[in-house]
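Undergrad:
2 protein chains.
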Amino acid sequence: MRYPRGVPRSGAEARRRLQQAALELYQERGFDQTTTAEIAARAGVNERTFFRHFPDKREVLFDGEADLRATLIQAVAEAPDGLRPLDMLLCAFREAERILERNRPFAEPRLRIIAMTPALRERDLAKAASLSDAVAEALRQRGVADRLAGLAAVTGWAAFHQAAQAWIDDPSQSLYAHLLRVFDDLRALYGSDVPAQARPEG
Amino acid sequence: MRYPRGVPRSGAEARRRLQQAALELYQERGFDQTTTAEIAARAGVNERTFFRHFPDKREVLFDGEADLRATLIQAVAEAPDGLRPLDMLLCAFREAERILERNRPFAEPRLRIIAMTPALRERDLAKAASLSDAVAEALRQRGVADRLAGLAAVTGWAAFHQAAQAWIDDPSQSLYAHLLRVFDDLRALYGSDVPAQARPEG
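For the protein sequence lines, the chains are F and H, in the order given.
Quick note: the first sequence uses the UniProt record's numbering, first residue 1, plus one each step.
Quick note: the second sequence uses the UniProt record's numbering, first residue 1, plus one each step.
1. Does the CB of methionine 1 of chain H have a neighbour CB from chain F at under 8 Å?
2. Taking the straight line between their C-alpha atoms, what separation do you get for aspartate 67 of chain F and glutamine 33 of chain F?
3. Proline 85 of chain F: buried (16+ other C-beta within 10 angstroms of its C-beta) or exposed?
4. Suppose contacts are defined by Cβ-Cβ distances below 8 Å. Is lysine 57 of chain F in contact with alanine 21 of chain F by that definition?
5. Residues of chain F with a CB under 7 Å from the CB of glutamate 97 of chain H: which are they?
6. Should glutamate 24 of chain H and threonine 36 of chain H be called a contact, given that it needs their Cβ atoms to be closer than 8 Å?
7. Can a CB atom of chain H be found closer than 8 Å to the CB of serine 10 of chain F?
8. Answer with yes or no whether the minimum CB distance from glutamine 141 of chain F to chain H is below 8 Å.
9. Which of the three DSSP states is assigned to threonine 49 of chain H in this structure?
10. Nearest CA to the CA of histidine 161 of chain H: which residue from F:Arg147, F:Phe160 and F:Gln74?
11. Closer than 9 Å between beta carbons: that is the criterion. Which residues of the segment 116-128 of chain F meet it against chain H?
12. Kindly indicate which residue of H:Ala159, H:Tyr26, H:Ala79 and H:Trp167 has the alpha-carbon position closest to the one of leucine 189 of chain H.
13. Skipping 5 residues on each side, what residues in its chain have a beta carbon closer than 8 Å to that of alanine 77 of chain H?
14. In terms of residues, what are the limits of the alpha helix (DSSP H) holding glutamate 78 of chain H?
15. For serine 10 of chain H, I'd like the list of residues in its chain whose CB is within less than 6 Å of its CB, leaving aside the five on either flank, ordered along the chain.
16. Mind pulling the chain F residues with CB within less than 7 Å of arginine 110 of chain H?
17. Excluding the 5 residues flanking glycine 64 of chain F on each side, which residues of the same chain have their C-beta closer than 6 Å to its C-beta?
18. Decide if serine 132 of chain H is buried, meaning its Cβ has at least 16 other Cβ atoms within 10 Å, or exposed.
19. Does any CB atom of chain F fall closer than 8 Å to the CB of valine 182 of chain H?
20. How about residue 208 of chain H and arginine 17 of chain H: do their beta carbons lie closer than 8 Å?
21. Compare the C-beta of aspartate 185 of chain H against all C-beta atoms of chain C and say whether one is closer than 8 Å.
22. Report the neighbours of alanine 152 of chain H on chain F: residues whose CB is nearer than 7 Å to its CB, in chain order.
23. Residues of chain H with CB closer than 9 Å to the CB of alanine 136 of chain F, please, in chain order.
24. Mind pulling the chain H residues with CB within less than 8 Å of alanine 66 of chain F?
25. Relative to the alpha-carbon of glycine 150 of chain F, which residue among H:Ala149, H:Ala152 and H:Ala163 has its alpha-carbon at the smallest distance?
26. Could you have a look at glutamine 173 of chain F and say whether DSSP puts it in helix, strand or coil?
27. Short of 7 Å in beta carbon distance, which residues of its chain neighbour residue 251 of chain F, apart from the five on each side in sequence? Order them along the chain.
28. Would you mind working out which of H:Arg94, H:Arg52, H:Gly30 and H:Glu38 sits nearest alanine 12 of chain H, comparing C-alpha positions?
29. Is there a Cβ from chain H that is less than 8 Å from the Cβ of alanine 158 of chain F?
30. Return the CA-CA distance between valine 144 of chain F and proline 118 of chain H, expressed in angstroms with no decimal places.
31. Looking at chain F, is there any beta carbon in it that lies within less than 8 Å of the beta carbon of proline 85 of chain H?
32. What do you get for cysteine 91 of chain H, buried or exposed, if any count of 16 or more other CB atoms within 10 angstroms of its CB means buried?
33. So, is the C-beta of glutamine 74 of chain F closer than 8 Å to a C-beta in chain H?
34. Quick check on this structure: which residue in F:Leu186, F:Asp184 and F:Glu59 has the alpha carbon closest to the alpha carbon of leucine 120 of chain F?
35. Kindly indicate which three-state DSSP category phenylalanine 31 of chain H falls into: helix, strand or coil?
36. Around the C-beta of methionine 116 of chain F, are 16 or more other C-beta atoms found within 10 angstroms, so that it is buried, or is it exposed?
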């Protein structure tokens, strides 16, 4: 679909085109070699419009975080009664997966670029830590003990991240199938008691 | 101990004084309100000396990462045969704990400052991810399956982080005691199979 003189019809459309343009340029020439002016030009808007939508060229790939956060918190809040912490998390990740699967053409190259760009990886880790804190708080609201809530959220989030990477490498299975497999791996790792004599001295 | 005109005796001494001065200033007035010039002045050196030792005022709190990395990798490499992945990790964290306990007067305020300063938290997360990658690779070298090695390192590192926070809040127990308790929490979380009907639809 083309617009006269490349001018986007609406703010939302400009925003979407800026994100797409940034992703393309980061793939073509790398994040460090791309300027906000170039992103704006490719999207058919001026640089001022870029800065109306995003504070910097990192944030352009982290749009939708507020939506994701709200979705995760709501999923935990509405999880059926009687579920254990990990299963409340699975409910939440199920929703996150729906968002990622829906945006797969964007999500897949986005995750690749983040993985290979230290500046983006650093931002991504900070966002993940913040989302994990929000999920931990949602678990506490459901009555999960303080310590367990934090630990479940952090390790669950690490599992989700590994599942997302596996899903990129092997799209023949759904992200959720990968996630269930990673949770099985976690059970294999932490599943049974360690004989005391196998532990290093305390 | 005082040196003539405040000039440190050696490079290592200047480095230590810069770290101490930075930590004090970050505590007194906050990270954002502290300049490298002020850190240098408090340490009794000039600003050029600061930049000979550290690239920026974040890195001044992340000295010793190379040592820690080498220590962790060596501990995994030298862990007794027949240990499971988590117990190899415990061997490695036992060594990390020795370093932290030895530097407790520095380690404790350092962790507090990092926790309350987003710019430092972001750097800390990036360092942790990098250390976790190194530990995962060390586990692979010991024959741990690729997937499990990454997952063990990431979740184990999250556990170590939570134990370090708990140790700051409750120094009556050793960091290692806190770590064993967090690993017990992980076993409680991931310990037994989830009835299939309790899982959200796949």
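Idealized CB from N, CA, C, for every residue including glycine.
TA: For this structure:
1. Any reading at methionine 1 of chain H must be qualified, since the residue scores a pLDDT of 39, below 50, and its modelled position is unreliable; the value itself is stated next. Not flagged as an interface residue toward chain F: methionine 1 of chain H, since no C-beta distance is shorter than 8 Å.
2. Whole-angstrom Cα-Cα distance: 30 Å.
3. The residue in question, proline 85 of chain F, is buried, as its Cβ has 16 or more Cβ neighbours within 10 Å.
4. No, these two residues do not count as a Cβ contact at 8 Å.
5. Those do not exist, as glutamate 97 of chain H stays about 10 Å from chain F at its closest Cβ, beyond 7 Å.
6. Contact flag unset, no.
7. It does not: the Cβ of serine 10 of chain F has no partner Cβ on chain H nearer than 8 Å.
8. Interface flag for glutamine 141 of chain F against chain H is unset, since no Cβ pair is found closer than 8 Å.
9. In the displayed model, threonine 49 of chain H falls within a helix according to three-state DSSP.
10. It is F:Arg147.
11. Listed in sequence order: Pro118, Arg121, Glu122, Arg123, Leu125, Ala126 and Ala128.
12. Looking only at H:Ala159, H:Tyr26, H:Ala79 and H:Trp167, the smallest Cα-Cα distance to leucine 189 of chain H is reached by H:Ala159.
13. Taken in chain order, the residues that qualify are Ala138, Gln141 and Arg142.
14. From DSSP, glutamate 78 of chain H is part of no alpha helix (DSSP H); its letter is neither H nor E.
15. Result list for serine 10 of chain H: empty, nothing under 6 Å.
16. Residues of chain F with a Cβ closer than 7 Å to the Cβ of arginine 110 of chain H do not exist, since the nearest Cβ in that chain sits about 18 Å away.
17. None.
18. The residue is buried, with at least 16 neighbouring Cβ atoms inside 10 Å.
19. Among the residues facing chain F, valine 182 of chain H is included, as its CB has a counterpart in that chain under 8 Å away.
20. Residue numbering for chain H in the displayed model covers 1 to 202; residue 208 of chain H lies beyond these limits and cannot be assessed.
21. Chain labels in this structure do not include chain C; the protein chains are F and H.
22. Taking a Cβ-Cβ threshold of 7 Å, the residues of chain F close to alanine 152 of chain H are Leu189, in chain order.
23. Within 9 Å Cβ-Cβ: nothing; alanine 136 of chain F doesn't reach chain H, min ~11 Å.
24. Ordered by position in chain H, no residue passes the 8 Å Cβ test against alanine 66 of chain F, which lies about 17 Å from the chain.
25. The shortest C-alpha separation from glycine 150 of chain F is found at H:Ala163.
26. Per DSSP, reduced to three states, the secondary structure at glutamine 173 of chain F is coil, with no helix or strand assignment.
27. This structure gives no information on residue 251 of chain F, because the portion of chain F shown stretches from 1 to 202.
28. Nearest C-alpha to alanine 12 of chain H: H:Arg52.
29. In terms of beta-carbon proximity, alanine 158 of chain F lines the interface with chain H, with at least one pair separated by less than 8 Å.
30. About 27 Å.
31. Taking Cβ atoms only, chain F reaches closer than 8 Å to proline 85 of chain H, which makes this a yes.
32. Counting of Cβ neighbours within 10 angstroms places cysteine 91 of chain H among the buried residues, the total reaching 16 or more.
33. At a cut-off of 8 Å between beta carbons, glutamine 74 of chain F makes no contact with chain H.
34. Measuring from the Cα of leucine 120 of chain F, the nearest candidate turns out to be F:Glu59.
35. Here phenylalanine 31 of chain H carries a coil assignment [DSSP, helix/strand/coil].
36. Burial check for methionine 116 of chain F: the Cβ neighbour count within 10 Å stays below 16, so the residue is exposed.
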